[in-house]
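Encoded as structure tokens, the structure appears first; notes follow it.
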Amino acid sequence: MVNVIVILEIDPARVDEFLEVITYNAAESLKEPGCLRFEVSRQFDKPNLFALSESYVDKDAMDAHYLTPHFAVWKEKSSTGFVANRWSVKGPVLE
Numbered sequence: 001m002v003n004v005i006v007i008l009e010i011d012p013a014r015v016d017e018f019l020e021v022i023t024y025n026a027a028e029s030l031k032e033p034g035c036l037r038f039e040v041s042r043q044f045d046k047p048n049l050f051a052l053s054e055s056y057v058d059k060d061a062m063d064a065h066y067l068t069p070h071f072a073v074w075k076e077k078s079s080t081g082f083v084a085n086r087w088s089v090k091g092p093v094l095e
């Protein structure tokens, strides 16, 4: 299993725009055969800070996710500048 953890700081003025795009991406990602989890969490005391928690059956499934139409929408929209900062960890779950 492969996990992807992403922390996103969003421009506070564009949170609604971000939420529209990320909830669409999450819902469509869950339809992928290799996607086990795609959750979006929001920080209690900093409402423009989000965490994405994704799990895929393997690296091939993760790589396939990056080729989907819904990921292309995410990539296009997120490149407009609503993401102020981004951190991520991608890799296999350690046993």
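Everything in the sequence shown is counted per UniProt numbering, starting at 1 for the first residue and increasing by one. Note that beta-carbon positions come from the ideal geometry of N, C-alpha and C, so glycine has one too.
By the Cβ rule, the region 27–34 does not count as touching the region 82–94, because fewer than three pairs are nearer than 8 Å. By the neighbour-count definition (other C-beta atoms within 10 Å, threshold 16), residue 67 is an exposed residue. Residue 85 sits exposed, since fewer than 16 C-beta atoms from the chains shown fall within 10 Å of its C-beta. Cβ neighbours of residue 38 within its own chain (closer than 6 Å, five residues either side excluded): 26, 29, 30 and 54.
With a 10 Å radius around the Cβ and a threshold of 16 neighbouring Cβ atoms, residue 50 comes out buried.
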